[in-house]
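Q:
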Amino acid sequence: MNDAFYSFLIPSYNESDNILLIHQALTDELEKLHCSYEILFVDDGSKDDTFIKIHQLATEHDEVKYVSFTRNFGKEAALLAGLRHARGDAVIMMDADLQHPTYLIGDLIEGYEEGFNQVVAKRNRDGDSRIRSFLSKMYYKWIDQVTDVKLKDGEGDFRLLSRKAVEAVLELSEGNRFSKGLFSWIGFEKKIIYYRNHIRGNGDSKWSYRKLINYGIEGIVSFNQKPLRICLYGGLIIMFLALLYIFLMFVQIIRTGIEVPGYFSIISSVLFLGGVQLVSLGIIGEYVGRIYAETKRRPHYLIRDTNMDRDL
Ligand code: UDP
Ligand code: MG
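Under this note's numbering, residues 894 to 1205 are what the sequence shown spells out, in order.
Take a look at the structure:
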């Protein structure tokens, strides 16, 4: 192994049963790899004993660092805080729930040593519920078409970023952060390592369907203006068709006089156009809402306690 210094970044929200396990698993694996490292836990405002466990570990082990939030700010904020504080030549992000197998770390590091700035561990969807994996697949297929950034199914947050890539991600200052998109947006040559999905260690997934849907919308709108353009094109096409219809009707009325029926066509066009308008307004609203959020320039998180001196 070379003498690079690695930061392991672990966002943790209500993971009290997993903290000791992931720490153990990591140290066991890293012992084999003989590299120097720090383990940085970001406690995302956990309501259970997560922080107590992390704090305990930090007093026993010098390489354990922590940043603790004042409340739950979400995984994206935790990742951002971690990236800002990490001091490593490369940062490896992992979930606390042991879903990201530690035996892959060697491969990630190897990719880094080969000169890749991003090394991604890509999972299949074993163990996810059928509906969820089906919906995810559809989502990624679709998002591929409607957005400008390439997002890949199964390429999650288990990845290594070189210092260069970390700095690039930190340059992106937006408030609504969608990491998957950001990691894709920064580019850099990327190596992919495949693995089989693991069932979660302890506790429940923090994602409800509602959260997933919101995350999905975030992914689409935070990355481009294409949805707005779709509205525009859709509107133009419908307007053209409507004009055509009016013209034809007009010609017919001139030739044969007014007929009473027409109720159906009026109602259907009113309903249809109303729907199109609402959808367009909704999409515009999404963007306006984001602009509003960005203009407030609120910090992404607030730190309650940390044992790192790096101040940002
Ligand atoms: N997490 C977090 N803040 C949150 C939700 C989740 O820091 O608000 C962490 C969580 O502790 C875990 C990782 O993000 O380490 C992934 O969460 P989870 O396992 O619930 O997501 P899934 O694996 O189901 O995508
Ligand atoms: Mg998980």
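For glycine and all other residues, C-beta sits at the position ideal for the given N, C-alpha and C.
In this text the structure is predicted, and so the values were computed from the model without any measurement.
1. Please return the same chain residues whose Cβ sits closer than 7 angstroms to the Cβ of N965, not counting the five positions on each side in sequence.
2. Enumerate in chain order the residues of its own chain whose CB-to-CB distance from I1196 is below 8 angstroms, with the five nearest sequence positions on each side excluded.
3. Does N1010 pass the burial test, meaning 16 or more other C-beta atoms within 10 Å, or should it be called exposed?
4. Let me know the alpha helix (DSSP H) ranges lying completely inside the segment 1077 to 1134, each 4 residues or longer, listed in chain order.
5. Find out if the Cβ-Cβ distance for the pair Y1005, L950 is shorter than 8 angstroms.
6. Would you mind reading off the limits of the beta strand (DSSP E) that contains K839?
7. Pick out whichever of K1057, I1113 and Y1088 has its Cα sitting closest to the Cα of A979.
8. Compute the Euclidean distance between the alpha carbons of T1213 and R1103, then round it to the nearest angstrom.
9. Helix, strand or coil for S1066? Go by DSSP, reduced to three states.
10. Quick one: what does DSSP say Q917 is sitting in, helix, strand or coil?
11. Are the beta-carbon atoms belonging to I998 and K958 less than 8 angstroms from one another?
12. What are the start and end residues of the alpha helix (DSSP H) that includes A1014?
13. Tell whether a beta-carbon distance below 8 angstroms holds between L902 and I985.
14. Quick check on this structure: which residue in L919, V1013 and G967 has the alpha carbon closest to the alpha carbon of V935?
15. Using the beta-carbon count (16 or more within 10 Å), is D1059 buried or exposed?
16. Considering only heavy atoms of the ligand UDP, does any lie closer than 7 angstroms to the CB of G967?
17. Taking 8 angstroms as the cut-off, decide whether the C-beta atoms of I1130 and K1015 are in contact.
18. Out of curiosity, what's the CA-to-CA distance linking I1113 and R1089?
19. Look at the alpha carbon of F1116 and the alpha carbon of M1142, and state the distance between them as a whole number of angstroms.
20. Assuming L991 and L914 form a contact by the criterion Cβ under 8 angstroms, report the distance between their Cβ atoms to the nearest whole angstrom.
21. CA-CA distance, G1182 and L1121?
22. Tell me whether the beta-carbon of I912 lies closer than 8 angstroms to the beta-carbon of T952.
23. Grouping DSSP H, G and I as helix and E and B as strand, with all else coil, what is L1054?
A: Considering the structure as presented:
1. If you number the sequence shown from 1, residue 965 lands on position 72. Closer than 7 angstroms at Cβ, skipping near neighbours: Y906, D937 and G938.
2. Within the sequence shown, numbered from 1, the residue matching residue 1196 stands at position 303. Shown here for I1196: same chain residues with a beta carbon closer than 8 angstroms to its own, the five before and five after excluded, namely V960, S961, F962, T963 and A974 in chain order.
3. Mapped onto the sequence shown, residue 1010 falls at position 117. Counting of Cβ neighbours within 10 angstroms places N1010 among the buried residues, the total reaching 16 or more.
4. For the segment 1077 to 1134, the full-length alpha helix (DSSP H) segments reaching 4 residues or more read 1102 to 1114 along the chain.
5. Residue 1005 sits at position 112 when you count from the first residue of the sequence shown. Residue 950 sits at position 57 when you count from the first residue of the sequence shown. Judged by their CB atoms, Y1005 and L950 are not nearer to each other than the 8 angstroms cut-off.
6. There is no way to answer for residue 839, as the model of the chain reaches only from 894 to 1205.
7. Translated into positions along the sequence shown, residue 979 becomes position 86. When the alpha-carbon of A979 is set against those of K1057, I1113 and Y1088, the nearest one is in K1057.
8. A question about residue 1213 goes unanswered here, because the residues of the chain that appear run from 894 up to 1205.
9. By one-based count along the sequence shown, residue 1066 stands at place 173. Here S1066 sits in coil by DSSP.
10. For this step, residue 917 is matched to residue 24 along the sequence shown. In the structure shown, Q917 adopts helical secondary structure according to DSSP, grouped into three states.
11. Residue 998 sits at position 105 when you count from the first residue of the sequence shown. Residue 958 sits at position 65 when you count from the first residue of the sequence shown. Not a contact, by the Cβ cut-off of 8 angstroms.
12. By one-based count along the sequence shown, residue 1014 stands at place 121. Here A1014 belongs to no alpha helix (DSSP H); instead the beta strand (DSSP E) covers Q1011 to R1016.
13. What you label residue 902 is simply residue 9 of the sequence shown in a count that begins at 1. What you label residue 985 is simply residue 92 of the sequence shown in a count that begins at 1. Contact: yes.
14. For the purposes of this step, residue 935 is identified with residue 42 of the sequence shown, where counting begins at 1. Out of L919, V1013 and G967, G967 has the C-alpha closest to the C-alpha of V935.
15. Taking the first residue of the sequence shown as 1, we reach residue 1059 at position 166. Correcting the residue identity first, residue 1059 is Val in this sequence and not Asp. Burial call: buried.
16. For this step, residue 967 is matched to residue 74 along the sequence shown. The closest heavy atom of the ligand UDP lies less than 7 angstroms from the beta carbon of G967.
17. Counted from its first residue, the sequence shown places residue 1130 at position 237. Counted from its first residue, the sequence shown places residue 1015 at position 122. No, Cβ-Cβ distance for I1130 and K1015 is not below 8 angstroms.
18. For the purposes of this step, residue 1113 is taken as residue 220 along the sequence shown, with counting starting at 1. For the purposes of this step, residue 1089 is taken as residue 196 along the sequence shown, with counting starting at 1. Distance between the alpha carbons of I1113 and R1089: 27 angstroms.
19. Taking the first residue of the sequence shown as 1, we reach residue 1116 at position 223. Taking the first residue of the sequence shown as 1, we reach residue 1142 at position 249. Taking the straight line joining both Cα atoms gives about 43 angstroms.
20. Residue 991 sits at position 98 when you count from the first residue of the sequence shown. Residue 914 sits at position 21 when you count from the first residue of the sequence shown. Indeed, because the Cβ distance is near 6 angstroms, the residues count as touching under 8 angstroms.
21. Position 289 of the sequence shown, counted from the start, is the residue given in the question as residue 1182. Position 228 of the sequence shown, counted from the start, is the residue given in the question as residue 1121. Taking the straight line from one Cα to the other gives about 14 angstroms.
22. Indexing the sequence shown from 1 puts residue 912 at position 19. Indexing the sequence shown from 1 puts residue 952 at position 59. Not in contact: I912 and T952 (Cβ atoms no closer than 8 angstroms).
23. Here residue 1054 is taken as the residue at index 161 of the sequence shown, counted from 1. In this structure, L1054 counts as strand in the three-state DSSP scheme.
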